[in-house]
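In order, the protein sequences belong to chains H, S and A. To get my numbering, take the position in the first sequence, counting from 1, and add 263. To get my numbering, take the position in the second sequence, counting from 1, and add 533. To get my numbering, take the position in the third sequence, counting from 1, and add 156. By construction, the Cβ of each residue, glycine as well, lies at the ideal position given by its N, Cα and C atoms. Remarks on the structure that follows.
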Amino acid sequence: MLDVLDAFNIDLIRAGIRLGTPILLAALAGALCNRAGILNLALEGKMLMGAFLGIYLTYVVGNTYLGIILAILLGGLVGGIFALFYLKYEVNLILLALAFNLLALEITVYFMRTLFGNVGSWTDASIQRLPEINLFNTSSSDGFLNIFNNHNLIVYISWVIVVISYIILFKTPIGRHVRSIGENQEAAETLGINVAKVQVIVLIVAGMLCALAGAFLSVGHMTMFTRNISNGRGWRGVAAAIFGFQHPIGVFLASLFFGTADALSLRIQSVSDYPPSLVKLIPQFSTIFALTIVGLRAKFIVNFAKAKFRRSLNNQNNS
Amino acid sequence: MGNQNRKRLIRQFTIPLLAIICGLLLAAVLLLLADKSPSAAIQSIFRDAFSCSSFNNCNLFTTFSLATPLLLTGLSAVVAFRSGIFSIGQEGQMMLGAITAAYLGYWVSLPDNVHSIVIAIGAIIVGGIYGWFAGWLKIRLGINEIISTIILSEIIINFPFQNFIKIPFFARIENSAKFLVFAPGSKFGTGFVIAVSAVVLVYIYLWKSGKGYEQRMSGEAPRFAFFGGIKSEKAALRGMFISGGLAGLAGAIEVMGVHYRINQGFNLMNLGFDGLSVAILGLVHPIGVFIVGIFLAGIRMGAQLGLQFELGIPRELGGTIIGFMILFVAAEKLFQKLFDINLKELFRKKKNA
Amino acid sequence: MKKILEVKNLSKYFETTNVKANSDVNLTLSRGEIHAIIGENGAGKTTLMNMLYGLVSPDSGTIIINDNEVQITHPNDAIKLGIGMVHQHFKLVPSYSVAENISLGMEPVKNKFFIDKNLEIQNIKNLSESMGLEIQPESLIKNLSVGMQQRVEILKVLYRNAEILIFDEPTAVLTPQEVKELLNVLKNLSEKGKTILFITHKLGEVMQLADTVTVMRLGKVVGTRSINNTNTKELASMMVGRDIEFSRKLNPNETGEEILDVKNIMVLNEVGVPAVKGVSFKVNKNQIVGIAGVSGNGQTELVEAIVGMKNIEFGELIFEGKNINKSNVGKRRDLGISHIPEDRIQTGLNMQANIEDNLILSQYSSDQFSRFGILLKSEMQKFSREVIQKFSVASASPGGGVSMLSGGNMQKVVLGRELFGNPKLIIANQPTRGLDVGSIEFVHETLLSYRDAGSGILLVSVELEEIINLSDIVVVMFDGLVSGIVNPDNVSIEEIGLLMAGEKINPENLIKQG
Numbered sequence: 264m265l266d267v268l269d270a271f272n273i274d275l276i277r278a279g280i281r282l283g284t285p286i287l288l289a290a291l292a293g294a295l296c297n298r299a300g301i302l303n304l305a306l307e308g309k310m311l312m313g314a315f316l317g318i319y320l321t322y323v324v325g326n327t328y329l330g331i332i333l334a335i336l337l338g339g340l341v342g343g344i345f346a347l348f349y350l351k352y353e354v355n356l357i358l359l360a361l362a363f364n365l366l367a368l369e370i371t372v373y374f375m376r377t378l379f380g381n382v383g384s385w386t387d388a389s390i391q392r393l394p395e396i397n398l399f400n401t402s403s404s405d406g407f408l409n410i411f412n413n414h415n416l417i418v419y420i421s422w423v424i425v426v427i428s429y430i431i432l433f434k435t436p437i438g439r440h441v442r443s444i445g446e447n448q449e450a451a452e453t454l455g456i457n458v459a460k461v462q463v464i465v466l467i468v469a470g471m472l473c474a475l476a477g478a479f480l481s482v483g484h485m486t487m488f489t490r491n492i493s494n495g496r497g498w499r500g501v502a503a504a505i506f507g508f509q510h511p512i513g514v515f516l517a518s519l520f521f522g523t524a525d526a527l528s529l530r531i532q533s534v535s536d537y538p539p540s541l542v543k544l545i546p547q548f549s550t551i552f553a554l555t556i557v558g559l560r561a562k563f564i565v566n567f568a569k570a571k572f573r574r575s576l577n578n579q580n581n582s
Numbered sequence: 534m535g536n537q538n539r540k541r542l543i544r545q546f547t548i549p550l551l552a553i554i555c556g557l558l559l560a561a562v563l564l565l566l567a568d569k570s571p572s573a574a575i576q577s578i579f580r581d582a583f584s585c586s587s588f589n590n591c592n593l594f595t596t597f598s599l600a601t602p603l604l605l606t607g608l609s610a611v612v613a614f615r616s617g618i619f620s621i622g623q624e625g626q627m628m629l630g631a632i633t634a635a636y637l638g639y640w641v642s643l644p645d646n647v648h649s650i651v652i653a654i655g656a657i658i659v660g661g662i663y664g665w666f667a668g669w670l671k672i673r674l675g676i677n678e679i680i681s682t683i684i685l686s687e688i689i690i691n692f693p694f695q696n697f698i699k700i701p702f703f704a705r706i707e708n709s710a711k712f713l714v715f716a717p718g719s720k721f722g723t724g725f726v727i728a729v730s731a732v733v734l735v736y737i738y739l740w741k742s743g744k745g746y747e748q749r750m751s752g753e754a755p756r757f758a759f760f761g762g763i764k765s766e767k768a769a770l771r772g773m774f775i776s777g778g779l780a781g782l783a784g785a786i787e788v789m790g791v792h793y794r795i796n797q798g799f800n801l802m803n804l805g806f807d808g809l810s811v812a813i814l815g816l817v818h819p820i821g822v823f824i825v826g827i828f829l830a831g832i833r834m835g836a837q838l839g840l841q842f843e844l845g846i847p848r849e850l851g852g853t854i855i856g857f858m859i860l861f862v863a864a865e866k867l868f869q870k871l872f873d874i875n876l877k878e879l880f881r882k883k884k885n886a
Numbered sequence: 157m158k159k160i161l162e163v164k165n166l167s168k169y170f171e172t173t174n175v176k177a178n179s180d181v182n183l184t185l186s187r188g189e190i191h192a193i194i195g196e197n198g199a200g201k202t203t204l205m206n207m208l209y210g211l212v213s214p215d216s217g218t219i220i221i222n223d224n225e226v227q228i229t230h231p232n233d234a235i236k237l238g239i240g241m242v243h244q245h246f247k248l249v250p251s252y253s254v255a256e257n258i259s260l261g262m263e264p265v266k267n268k269f270f271i272d273k274n275l276e277i278q279n280i281k282n283l284s285e286s287m288g289l290e291i292q293p294e295s296l297i298k299n300l301s302v303g304m305q306q307r308v309e310i311l312k313v314l315y316r317n318a319e320i321l322i323f324d325e326p327t328a329v330l331t332p333q334e335v336k337e338l339l340n341v342l343k344n345l346s347e348k349g350k351t352i353l354f355i356t357h358k359l360g361e362v363m364q365l366a367d368t369v370t371v372m373r374l375g376k377v378v379g380t381r382s383i384n385n386t387n388t389k390e391l392a393s394m395m396v397g398r399d400i401e402f403s404r405k406l407n408p409n410e411t412g413e414e415i416l417d418v419k420n421i422m423v424l425n426e427v428g429v430p431a432v433k434g435v436s437f438k439v440n441k442n443q444i445v446g447i448a449g450v451s452g453n454g455q456t457e458l459v460e461a462i463v464g465m466k467n468i469e470f471g472e473l474i475f476e477g478k479n480i481n482k483s484n485v486g487k488r489r490d491l492g493i494s495h496i497p498e499d500r501i502q503t504g505l506n507m508q509a510n511i512e513d514n515l516i517l518s519q520y521s522s523d524q525f526s527r528f529g530i531l532l533k534s535e536m537q538k539f540s541r542e543v544i545q546k547f548s549v550a551s552a553s554p555g556g557g558v559s560m561l562s563g564g565n566m567q568k569v570v571l572g573r574e575l576f577g578n579p580k581l582i583i584a585n586q587p588t589r590g591l592d593v594g595s596i597e598f599v600h601e602t603l604l605s606y607r608d609a610g611s612g613i614l615l616v617s618v619e620l621e622e623i624i625n626l627s628d629i630v631v632v633m634f635d636g637l638v639s640g641i642v643n644p645d646n647v648s649i650e651e652i653g654l655l656m657a658g659e660k661i662n663p664e665n666l667i668k669q670g
């Protein structure tokens with residue numbers, strides 16, 4: 264079993280960062296929505312859409328940056344449509360999300376095949392992927408700094424978004440409003456906060472984040488689109504948001520954890536006989552574990568309070 | 534039946550009908566954008582899904598056999614939803630059923646029909662336990678069942694069972710375990726019969742039995758059920774066991790009646806979520822599941838054969854149509870609001886006339 | 157003293173419940189006054205407050221603030237006019253601090269984007285000092301006592317420059333010590349020039365806290381008194397009304413044997429606080445025991461404890477001589493306890509199901525309706541038709557939906573189910589709420605007929621008339637305790653009113669149940 268440790272090296276963490284980035288972006292979207300009292304289960308579908316739109320628009324306009332920006336804007340539009348359905352027409356958000364995920368899966372492939380022929384995956388030589396950035400200007404390939412150097416542009420952008428999210432959520436008025444809606448919507452409402460407006464903004468931002476996550480998959484690291492390219496990362500984003508307690512830093516660490524597990528499962532085949540799929544499932548097991556702990560804790564608090572009360576009752580009657 | 538009830542029923546049926554029509558319309562738009570003829574596409578789908586030229590060359594039979602897992606997973610979702618638990622983990626439960634079937638089919642020897650019955654029961658139990666577990670997590674620990682069932686499903690699908698027990702990958706199961714096939718060339722056989730029986734049984738259970746009554750009341754009005762002395766938690770857990778069992782059975786039938794083996798990375802991905810679609814479009818009712826299940830299987834089948842081969846239209850159009858339909862069902866409230874407004878207008882006019 | 161608020165002929169009629177909640181209400185407040193509005197359920201106090209705070213729009217009448225006529229259509233209007241509401245159920249964010257909760261929605265900013273947390277804390281400190289309301293701005297709400305949380309709510313409205321503070325049942329959740337502190341706070345605020353308006357049904361508080369009191373009843377103002385010129389007796393009789401025509405009928409039956417013995421039970425509410433603090437009484441066959449009292453004094457929890465929907469923390473519940481503390485709802489129903497719940501829509505009926513499904517709720521597993529676990533549809537239909545006929549549920553069929561029925565017919569379905577099989581003990585909680593006159597009569601007659609047939613009935617109602625007309629014995633509840641058990645033939649309506657408002661009456665008029 265110890266041969267597993269051979270897999271732990273700088274490359275692993277670098278891969279973990281890379282694999283965790285789409286999860287991170289989706290998780291930030293999910294955490295933001297959760298904070299505003301909305302359970303957003305459409306992260307997977309939005310990511311997939313972002314992936315397709317990212318590569319397609321890049322192809323059409325000939326510029327990766329522009330293509331991604333357009334994809335992000337469209338992602339925001341989808342988020343806005345979700346908000347409209349949810350707030351104005353009182354549509355069941357869960358059903359809507361599940362339907363959207365299903366639709367996104369099929370319709371992206373449909374368009375790929377309609378536009379580019381009956382292919383299983385698609386790419387084009389004209390599409391440029393986004394560059395890696397040599398942040399720290401080192402030439403050596405070892406050393407601690409190397410973990411954080413030479414990552415894709417979107418990876419660095421995601422880190423910036425984490426910091427911005429933290430600042431906005433905890434240091435600005437709008438962040439405080441968002442969090443208050445999730446904790447006690449009535450408190451926000453009676454103080455004149457326009458809950459609907461805040462939720463619309465949150466859903467639009469979430470849509471944009473998921474689109475960026477998808478774009479990273481299709482034109483960030485490689486340039487290709489295949490059926491179900493997101494492959495459950497959106498759902499891992501949902502889990503990471505919970506695992507990270509809806510906090511930007513927590514979500515960052517959770518996504519890193521999930522990404523590293525993914526990376527480890529890929530590497531482990533070359534160093535030991537340990538089943539890679541078991542390693543790949545570590546995030547899932549951890550999430551169930553975390554959910555269980557949260558549930559137990561809630562129960563414990565209630566029971567503790569009740570027991571305390573009963574004890575005080577007994578004391579009253581015995582004295 | 535009262536006038537108001539008639540109106541209610543009409544309204545209930547128009548929603549999925551409108552959804553289907555809108556779904557088809559949107560698909561037609563997509564096709565037109567791609568310079569293809571919508572009418573040809575629709576014709577082709579329906580022809581290839583439901584035609585039957587001879588006993589050995591019958592597309593309808595293949596559609597039926599494709600519908601089998603859809604019916605069962607759809608019923609699984611119906612039973613879960615009617616208990617008030619939004620379980621979407623049918624895939625994992627199916628997988629467990631398939632693994633159970635492969636294992637028992639290969640390693641165990643029993644006389645002909647007994648073997649398949651034992652396997653079916655085994656698959657139901659294993660799937661049922663997994664379903665029950667998700668229900669337990671919700672009821673005892675308050676864990677959101679949508680998230681938990683998806684994660685539990687993912688765990689099963691990716692789990693390296695072969696490291697713990699000897700799963701007979703690629704090995705065919707014994708003949709005694711296989712299900713009877715009526716018409717060679719398609720896989721239409723006992724499996725379909727079981728699925729249809731399940732439709733009937735689920736209907737009887739939910740609407741004609743005391744236990745099913747408990748479940749429906751617990752799902753529809755939990756406080757009412759509590760007030761009346763129904764033990765809702767027990768009812769819900771029972772429902773989850775049945776739900777898991779049905780999905781497990783679906784997986785077992787895939788092994789016993791279709792593939793006769795289990796492959797590494799046995800991919801049931803679509804089938805699981807399709808069951809959900811069937812349940813939702815079928816208005817969470819066994820009869821709806823039956824109609825929609827066959828319909829959906831037909832669309833997928835027709836899309837695969839007809840569209841792809843004949844017209845060069847990607848078969849994903851089938852899935853896209855289904856996706857749109859569910860989207861419209863999900864937006865039912867939207868329709869209701871539009872529809873209600875129209876109904877009220879109609880009434881006002883009639884009154885004043 | 158300067159007039160700060162004047163309400164003239166304010167009226168409001170609610171179509172949905174067919175109730176005239178406020179009829180020509182007149183009210184005048186002077187700056188610095190502490191004014192109480194007292195009344196029973198349905199008096200119209202809440203509606204008046206809601207109109208002043210912009211949650212409800214009046215049909216007619218005027219509101220004048222500082223000599224200007226105003227329209228208040230939304231709480232934001234009210235806030236701008238200097239009116240602040242301190243709600244009965246606090247609206248605070250538990251994980252935020254005091255300062256964060258108070259400035260939510262109007263946070264001070266620096267550098268255009270960021271919250272100026274230091275300024276925020278300073279603002280709250282200044283406010284709390286100038287108002288004499290001590291508080292730690294950085295404590296988290298979830299760690300504060302209820303009294304302190306209320307203080308935060310008060311600071312919230314003061315922070316938004318409220319000159320008139322409306323309190324909705326302010327002492328409902330406070331301990332006696334906290335009530336004393338609140339008294340000081342209110343006197344302090346009044347000295348600082350703030351005007352206080354508070355709604356209550358507790359006479360004791362009114363005498364302690366208020367300068368002036370207005371009594372409301374059935375949507376009308378009965379009278380306004382200065383506290384120095386009145387007493388609890390007068391107020392109580394104004395609350396319950398002198399001119400009610402009671403139609404008490406003699407109970408022709410001999411009182412049967414004891415069927416329910418409630419012994420000093422204590423029941424917690426949803427948040428774990430005792431709502432029933434030690435209640436005892438008995439119910440016999442051929443008898444109706446009425447529980448009177450303003451809603452919110454523990455009646456809901458008492459009923460839930462008796463039927464098994466809530467645990468009994470202390471005390472005993474004896475049914476036909478046996479302790480049923482540990483029996484669950486189903487077991488108690490099997491023993492013969494029926495329950496007509498106060499909320500027929502959420503609790504008493506399944507709105508999504510048809511009449512049949514609703515009617516067999518407690519009987520679906522009995523031999524009459526099922527065999528080998530399968531429901532006997534024909535029997536169910538037969539039963540449904542019987543109920544529909546016997547209770548005259550208009551335009552209904554067994555397979556018909558329940559949601560389309562009128563309130564009265566819905567209640568008839570509930571009655572049909574609960575009274576099936578001649579239950580030994582019937583718990584009827586607000587059985588005529590929201591019903592039309594004809595349905596009310598029907599319910600009353602039905603209950604009386606079951607009483608005559610041998611059932612014991614526990615009738616819980618906020619309608620004093622109903623209680624007095626139907627009950628053999630009246631148990632008055634106040635603040636989770638029994639403030640008195642009386643025989644309606646031997647006490648005046650004013651005395652019952654006093655008991656309902658938490659005051660004591662001549663002990664000789666009370667019944668002692670050993």
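Apart from the 5 residues on each side of it in sequence, G761 of chain S sits with its Cβ closer than 8 Å to the Cβ of M750 in its chain, given in chain order. Within chain H, the C-beta atoms nearer than 7 Å to that of G856 of chain S come from A362, L365, L366, E369 and I370, in chain order.
The Cβ atoms of G375 of chain A and S617 of chain A lie no closer than 8 Å to each other.
Rounded to the nearest whole angstrom, the C-alpha separation of Y537 of chain H and D274 of chain H is 19 Å. Cβ-Cβ distances below 7 Å link K168 of chain A to A177, N178, T203, M207, V212, P214 and D215 in the same chain, with the five nearest sequence neighbours on each side left out; the list follows chain order. Look at F348 of chain H: its C-beta is under 8 Å from a C-beta on chain S. With a threshold of 8 Å between beta carbons, L515 of chain A makes no contact with chain H. The three-state secondary structure of L359 of chain A, taken from DSSP, is helix. By the Cβ criterion, the segment 382-391 of chain H is not in contact with the segment 436-449 of chain H, since fewer than three pairs of Cβ atoms, one from each stretch, lie closer than 8 Å. For a Cβ distance threshold of 8 Å, residue set Q502, T503, G504, L505, N506 and L517 of chain A lies close to F757 of chain S, ordered along the chain. Taking C-beta atoms as the reference points, T555 of chain H and L674 of chain S count as a pair closer than 8 Å.
Closer than 8 Å to the CB of S526 of chain A there is at least one CB belonging to chain S. Relative to I629 of chain A, the option among A:G446, A:P587 and A:S436 whose CA is nearest is A:G446.
In terms of beta-carbon proximity, T853 of chain S lines the interface with chain H, with at least one pair separated by less than 8 Å. It is roughly 30 Å from the alpha-carbon of I650 of chain S to the alpha-carbon of E766 of chain S.
Taking the CA atoms as reference points, S443 of chain H sits about 30 Å from Y419 of chain H.
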